[in-house]
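If you use the numbering used here, the sequence shown corresponds to residues 1 to 488, in order. We treat Cβ as the ideally placed atom computed from N, Cα and C, and that holds for glycine. In this text, all values refer to a predicted model and were calculated from it rather than measured experimentally. All remarks here apply to the structure that follows.
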Amino acid sequence: MIAFENFSFRYEESEEFTLKDINATVGTGEFILLTGRSGCGKTTLIRSLNGLIPHFYPGEMKGDIRMDGDSLLDMKPSQLAGKIGTVFQDPRSQFFMTDTTRELAFGCENMGYQREETVERIAKAVADLELADYLNRSIFALSSGEKQQVAIGSVYALQPKVYIFDEPSANLDYEATKRLAQIMAKLKQDGYTIFVVEHRFYYLRDLIDRVFLIQDGQIGQEFTREEFCFLPERTRISYGLRTAWPECDADVYQEKKSRHGNGHYFAVKELAFAYKKGPEILQNISFEAHAGDVIGILGHNGAGKTTLLSVLTGLLGEKNGEICYDGKKLSPRKRRSLSYLVMQDTDYQLFGSSVEEELSLGVSGDPSEKVTETLEALELLAYREQHPAALSGGQKQRVTIGAAIVKDSPVIYFDEPTSGLDYDSMVRVSRLIEQLSEAGIIIFVVSHDFEFIVRTCTEVLQLDDEGVVHNRHLTSGVLKSLSEKYFN
Numbered sequence: 001m002i003a004f005e006n007f008s009f010r011y012e013e014s015e016e017f018t019l020k021d022i023n024a025t026v027g028t029g030e031f032i033l034l035t036g037r038s039g040c041g042k043t044t045l046i047r048s049l050n051g052l053i054p055h056f057y058p059g060e061m062k063g064d065i066r067m068d069g070d071s072l073l074d075m076k077p078s079q080l081a082g083k084i085g086t087v088f089q090d091p092r093s094q095f096f097m098t099d100t101t102r103e104l105a106f107g108c109e110n111m112g113y114q115r116e117e118t119v120e121r122i123a124k125a126v127a128d129l130e131l132a133d134y135l136n137r138s139i140f141a142l143s144s145g146e147k148q149q150v151a152i153g154s155v156y157a158l159q160p161k162v163y164i165f166d167e168p169s170a171n172l173d174y175e176a177t178k179r180l181a182q183i184m185a186k187l188k189q190d191g192y193t194i195f196v197v198e199h200r201f202y203y204l205r206d207l208i209d210r211v212f213l214i215q216d217g218q219i220g221q222e223f224t225r226e227e228f229c230f231l232p233e234r235t236r237i238s239y240g241l242r243t244a245w246p247e248c249d250a251d252v253y254q255e256k257k258s259r260h261g262n263g264h265y266f267a268v269k270e271l272a273f274a275y276k277k278g279p280e281i282l283q284n285i286s287f288e289a290h291a292g293d294v295i296g297i298l299g300h301n302g303a304g305k306t307t308l309l310s311v312l313t314g315l316l317g318e319k320n321g322e323i324c325y326d327g328k329k330l331s332p333r334k335r336r337s338l339s340y341l342v343m344q345d346t347d348y349q350l351f352g353s354s355v356e357e358e359l360s361l362g363v364s365g366d367p368s369e370k371v372t373e374t375l376e377a378l379e380l381l382a383y384r385e386q387h388p389a390a391l392s393g394g395q396k397q398r399v400t401i402g403a404a405i406v407k408d409s410p411v412i413y414f415d416e417p418t419s420g421l422d423y424d425s426m427v428r429v430s431r432l433i434e435q436l437s438e439a440g441i442i443i444f445v446v447s448h449d450f451e452f453i454v455r456t457c458t459e460v461l462q463l464d465d466e467g468v469v470h471n472r473h474l475t476s477g478v479l480k481s482l483s484e485k486y487f488n
């Protein structure tokens with residue numbers, strides 16, 4: 001049993017308490033969902049559970065957190081490792097080895113277990129979690145879902161009593177998310193206590209025992225599974241929560257009109273791509289996009305979505321076929337000048353010392369007037385002098401969108417723009433993309449977020465296992481077939 005006893009925490013550099021008088025008791029074997037708006041204190045709560053607070057994030061604490069009567073706050077990280085295991089949003093952040101088998105063994109070796117016991121623990125993890133196909137493989141060759149399964153296996157080998165999952169579905173396709181739910185169901189069946197921090201929680205609706213809605217550093221609301229999954233829509237939205245039933249959006253979807261026939265157009269004809277000495281990843285891809293179109297690029301992890309994005313933006317050259325804009329064939333160099341890519345991790349593309357400078361980089365002439373207009377439109381005017389690194393994730397994303405607007409990029413690409421975002425932030429990104437669409441910009445969006453695709457896209461490109469794309473206007477009928485494919 002885990003008990004929070006009037007627990008409060010304030011980070012060393014902060015004047016305010018992030019967590020305030022948390023009181024809750026979680027029984028052995030319970031499955032708890034922690035959710036709430038970004039910045040409400042969810043991450044701080046799990047850091048308090050797994051020992052990152054106070055050992056890596058010092059600050060002022062009040063109250064206590066107890067597990068089976070013992071204070072977790074008095075335990076060293078080495079003591080906690082065998083009791084509480086954490087699987088992070090990006091498994092790469094917890095990998096230490098370059099091959100899977102050694103990664104599975106890493107935690108056991110660091111705990112000082114004998115070789116025979118380590119081998120037994122790895123064998124149990126491989127058998128129980130069905131990881132045999134992942135042994136003796138390079139970590140770098142795994143998909144996002146495969147990396148996560150290895151991360152879970154490495155934690156499982158330590159045989160903790162409690163599992164913490166931090167936004168585990170953020171980078172996963174639908175099949176990998178289903179597999180994640182199966183593993184969680186196995187852990188729950190075996191009696192482990194599980195905490196999951198999530199914004200997209202549809203895949204957990206059959207596993208949840210209770211839900212803690214974190215609001216302003218406190219457990220603002222507590223729900224049973226039935227209460228939470230069937231919240232009235234208005235109430236759910238007032239809490240800033242995603243839907244537990246994204247497939248039902250197909251029934252209320254209002255078809256968006258395509259803007260075909262006016263303005264610029266982008267055409268891809270019989271495109272093919274292969275890496276050196278490798279098979280074709282993409283083949284015979286043809287489609288058109290017109291000014292104002294918002295096109296979702298769908299497909300499972302490893303289907304070639306990122307590769308297609310790299311070819312369209314000119315980061316990679318095509319093997320065969322051609323890419324045209326307004327009827328003129330584009331070289332990779334011309335595609336790079338025509339396009340702007342908003343990455344999933346925007347930290348990789350922010351270089352200015354201020355927000356204003358970031359929007360002005362690479363722009364000829366005096367862009368100050370347009371920069372000011374853009375900052376105002378994106379609600380960033382108050383941050384113009386701040387360093388981009390000091391902004392929140394959503395604000396950084398708006399800065400990169402602003403840079404694309406100032407540069408007059410006619411084609412903008414988004415790579416998983418709603419990964420890890422709450423409902424409010426997802427809606428904000430959707431509205432921004434709608435504004436860009438209304439301005440006549442052609443937009444491509446790589447996403448696994450069905451709720452976001454329904455709200456935002458006018459059509460979809462589906463990549464299959466053979467690297468062939470199927471272009472479909474996003475009618476209610478197409479949406480229903482997609483929901484059946486992904487959620488059944």
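(1) Can you list, in chain order, the stretches of the alpha helix (DSSP H) that have 4 or more residues and sit fully within the stretch 137-193?
(2) How many angstroms separate the CA atom of Asp128 from the CA atom of Ser337?
(3) Which whole runs of the beta strand (DSSP E) in the stretch 184-245 are 3 residues long or more, in chain order?
(4) Alpha carbon to alpha carbon, how far is Phe17 from Glu60? Give it in angstroms, no decimals.
(5) In three-state DSSP terms, what is Leu315?
(6) Taking just the CA atoms, how far does Ser409 sit from Arg200?
(7) Check for me: the alpha helix (DSSP H) holding Val363 runs from which residue to which?
(8) Name the two residues that bound the continuous beta strand (DSSP E) containing Gly296.
(9) Check whether the stretch 174-194 and the stretch 216-234 are in contact - that is, three or more C-beta pairs closer than 8 angstroms.
(10) From the DSSP output, read off the bridge partner residues of Gln462.
(11) Checking 8 angstroms against the spacing of the C-beta atoms, do Val87 and Ala24 come in under that value?
(12) For Thr400, name the three-state secondary structure that DSSP assigns.
(13) Considering only the alpha carbon of each residue, which of Thr372, Asn110 and Asp133 lies closest to Glu146?
(14) What does Ala289 pair with, by DSSP beta-bridge criteria?
(15) Using 8 angstroms as the cut-off, can you tell me whether the stretch 260-276 makes contact with the stretch 285-296, which would need three or more C-beta pairs spanning the two stretches below that distance?
(16) Given a threshold of 16 other Cβ atoms within 10 Å of its Cβ, counted over all protein chains shown, does Pro388 qualify as buried or as exposed?
(17) Do you know how far the Cα of Lys396 is from the Cα of Phe360?
(18) Do the stretch 357-371 and the stretch 328-347 meet, that is, are 3 or more Cβ pairs less than 8 angstroms apart?
(19) Answer with buried or exposed for Tyr275, where buried requires no fewer than 16 other C-beta atoms within 10 angstroms of its C-beta.
(20) In the DSSP assignment, find the unbroken beta strand (DSSP E) run with Lys124 in it and report its ends.
(21) Pull up the DSSP beta-bridge partners for Phe4, would you.
(22) Three-state secondary structure (DSSP) at Gln283?
(23) Please report the straight-line C-alpha distance between Asn507 and Leu282, rounded to a whole angstrom.
(24) What's the call for Asp449, buried or exposed, on a 16-neighbour Cβ count within 10 Å?
(25) Would you mind sorting Arg431 into buried or exposed? The rule is 16 or more other CB atoms within 10 Å of its CB.
(26) Should the stretch 229-247 be called in touch with the stretch 449-460, which here means at least 3 C-beta pairs below 8 angstroms?
(27) Let me know the secondary structure DSSP gives Lys328 once reduced to three states.
(28) Starting from Tyr413, trace the beta strand (DSSP E) in both directions and tell me its first and last residue.
(29) State buried or exposed for Tyr383, treating a residue as buried only when at least 16 other CB atoms are found within 10 Å of its CB.
(30) Under the rule that 16 or more other beta-carbon atoms within 10 Å means buried, what is Ala303, buried or exposed?
(31) So what's Asp74 in DSSP terms, helix, strand or just coil?
(32) Once DSSP output is grouped into helix, strand and coil, what is the label at Arg10?
(33) Drop a sphere of 10 angstroms on the beta-carbon of Thr177, count the other beta-carbons inside from all chains shown, and report buried for 16 or more, exposed for fewer.
(34) With which residues is Asp99 paired in a DSSP beta bridge?
(35) What are the residues that DSSP puts in a beta bridge with Val427?
With the given structure in hand:
(1) 144-156 and 174-189
(2) 50 angstroms
(3) 193-197, 210-215 and 218-224
(4) 8 angstroms
(5) coil
(6) 31 angstroms
(7) Val363 -> no alpha helix (DSSP H), and no H or E assigned at all.
(8) Val294 to Leu298
(9) no
(10) Leu298 and His470
(11) no
(12) helix
(13) Asp133
(14) Phe266
(15) yes
(16) buried
(17) Phe is not the amino acid found at residue 360; the sequence shown has Ser there. Rounded to whole angstroms, Ser360 to Lys396 spans 15 angstroms at the Cα level.
(18) no
(19) exposed
(20) Counting along the chain, Lys124 falls outside any beta strand (DSSP E), though it belongs to the alpha helix (DSSP H) covering Arg115 to Leu129.
(21) Ala24 and Ile65
(22) strand
(23) Outside the modelled stretch of the chain, which goes from 1 to 488, sits residue 507, for which no answer is possible.
(24) buried
(25) exposed
(26) yes
(27) strand
(28) Val411 to Asp415
(29) buried
(30) buried
(31) helix
(32) strand
(33) buried
(34) Ser138
(35) Per DSSP, none; premise fails for Val427.
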